[in-house]
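> Below are the C-alpha cells for one structure; questions will follow.
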Amino acid sequence: MTKKVIACIDSSPYAEAVCDYATWAAKRLNVTMSVLHVLSKTQQQDSSDLSGSIGLGAQEALMEKLAQLDAERGKLALERGRIMLDAARARAAAAGFEQVEERLRHGDFVETAIELEEETRLLVMGKRGAGSADAHGRLGLQVEPLIRSVHKPVLLTQQKYKEPQQVMLAYDGSATALKGLEMLAGSPLVKGLPVHLVMAGADVDATRIQMEQAASILRKAGFSTTIAIVAGEPETVLHQYQQQHDIDLMVMGAYGHSRIRQFIVGSTTTAMLSHAKCSLLILR
C-alpha cells in the first residue's frame, strides 16, 4: 500500500498551516497528500427535558422540528467539510503540488486516524483544533490521545507556516532515541537541512562520546550537525535552545525510558508540546 501524508483539517485557524506543512512534507517525501476532515458523531437531543407542562402533541411537534434542524445541521456540516477539503486541495495546487486526495469521514477523529495507520507515512495536525483554537497555552483535546494511539510520526504545527530551515533533535542517548535518529537520517523529509543534536544533561566525557557517535550517523548521511549538551531539565533546555537558535522544527521521540520519555508521554506532555514556539515532529 502506498504511504501518504495525512493532513488533518477542521475549521480552526490552524487549517491553512496544516495544509502548508503537509504540502511541504509530501513534496519532500514524494508521496500523495490526503486531506482528512472528520465529522464528529451527532449529539442526540434529550427529549425528557422538553415536555414540561406542554401537552404530548406539542412535544411531538417540537421533536419533529428538532429532528429537521438536526438533519439540516448535518447537511451543512457535510457541505462545509467538502468546501474545506476543496480549499485545501486548491491551496496545495497553488503551491505547485497536485498529488492531493480528499477524505470526508464520519466518526471519532482518533479512531479514524488509527484506521488509516497502514497507509500513513506522516500525520500532520494543528496543535489546537476548532474547539480549542483560542485556548492559548493549552493543547487541543485530540493531540495527546492521538500521539499515544497512532504509531506513526506526527507533525504538530503552529498556527502560521514557516518552512523549516533548521532542525533540532532532542536526544537522550537511549537505544530507542538512537533508532529515532537513524530514522531521521534515512528520511528525505529533512534532507539537506542543518541539524542541532541537543541533550539535556551534564557535559562529561561519556556523554560527549555518546553525542559524537550519534552525530557521526547524521554526518555520514550528509547532514551538517551541531552538538549541544546543556545542563538542566529537558523541557527548559529544549525550549531555550530552540528560541536562542531560531529553530524551525523540533524533532522528538515518544518513546524511551529516560527523562525525555517522562515528559513526552507522561504528566508534563501538555506543557512541553503546548509551549513550544516551533512546529514539532514526534517520532514513533
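Letter by letter, the sequence shown follows residues -5 to 278 of the working numbering.
Here a beta-carbon is modelled for each residue, glycine too, at the ideal position from N, C-alpha and C.
In this text, all values refer to a predicted model and were calculated from it rather than measured experimentally.
Sorted by chain position, which residues of the same chain lie with C-beta nearer than 7 Å to Gln38's C-beta, five sequence neighbours on each side aside?
At Gln38, the pLDDT of 38 sits below 50, so the modelled position is not reliable and the matter cannot be decided from this model.
> Going along the chain, which residues of its own chain have a beta-carbon closer than 7 Å to the beta-carbon of Gln93, five neighbours each way excluded?
Within the same chain, Gln93 has close Cβ partners Ala20, Thr26, Met27.
> Quick check: what's the CA-CA separation for Ala171 versus Leu191?
So the two alpha carbons sit approximately 11 Å from each other.
> Which stretch, first to last residue, makes up the beta strand (DSSP E) that contains Lys(-2)?
Its beta strand (DSSP E) spans residues -2 to 2.
> With H, G and I counted as helix, E and B as strand and the rest as coil, what does DSSP make of Ser168?
Reduced to three states, the DSSP call for Ser168 is coil.
> Please classify Val104: does DSSP put it in a helix, a strand, or coil?
Helix, per DSSP.
> What's the C-alpha gap between Gly186 and Val144?
Gly186 and Val144: Cα-Cα distance of roughly 28 Å.
> Starting from Met205, follow the alpha helix (DSSP H) in both directions and report where the run begins and ends.
Element bounds for Met205: 199 to 214.
> Taking the beta carbon of Glu110 as the centre, do at least 16 other beta carbons fall within 10 Å, making it buried, or is it exposed?
According to the sequence shown, residue 110 is Leu rather than Glu. Under this definition Leu110 is a buried residue.
> Rounding to the nearest angstrom, what Cα-Cα distance links Leu23 and Ala194 in this structure?
The alpha-carbon atoms of Leu23 and Ala194 are separated by roughly 30 Å.
> Using the beta-carbon count (16 or more within 10 Å), is Ser6 buried or exposed?
It is buried - the Cβ of Ser6 has at least 16 other Cβ atoms within 10 Å.
> Go through its chain and collect everything with a Cβ distance to Gln236's Cβ below 8 Å, but skip five positions before and after it.
Met162, Met244, Ala270, Lys271, Cys272.
> Among the candidates Trp18, Ala55, Gln62, Ile0, whose CA atom is the shortest distance from the CA of Val32?
Nearest option by C-alpha distance: Ile0.
> Buried or exposed: which applies to Arg142, given that a residue is buried once 16 or more other Cβ atoms fall within 10 Å of its Cβ?
Answer is exposed; the Cβ neighbour count stays below 16.
> Alpha helix (DSSP H) containing Ala222: first to last residue?
First-last for Ala222: 219 to 224, but that is the beta strand (DSSP E), not the alpha helix (DSSP H).
> Just tell me which of Ala200, Leu116, Glu138 has its CA closest to the CA of Leu183.
Measuring from the Cα of Leu183, the nearest candidate turns out to be Leu116.
> For Glu113, which three-state DSSP category applies?
Helix, per DSSP.
> So what does DSSP say about Gly68, is it helix, strand or coil?
Three-state result, Gly68: helix.
> Using beta-carbon positions only, say whether Pro188 and Leu275 come within less than 9 Å of one another.
No, the pair does not count as a contact, with Cβ atoms beyond the cut-off.
> Under three-state DSSP, which class holds Glu58?
Glu58: helix per DSSP, three-state reduction.
> What would DSSP say about Met(-5), mapped onto helix, strand or coil?
Here Met(-5) sits in coil by DSSP.
> Please report the distance separating the alpha-carbon of Asp14 from that of Tyr155.
Going by the C-alpha atoms only, they are around 6 Å apart.
> For Asp197, does the count of other Cβ atoms within 10 angstroms reach 16, so buried, or fall short, so exposed?
Exposed, because fewer than 16 other Cβ atoms sit within 10 Å of the Cβ of Asp197.
> With burial defined as no fewer than 16 other Cβ atoms inside 10 Å of the residue's Cβ, what is the status of Ile3: buried or exposed?
It is buried - the Cβ of Ile3 has at least 16 other Cβ atoms within 10 Å.
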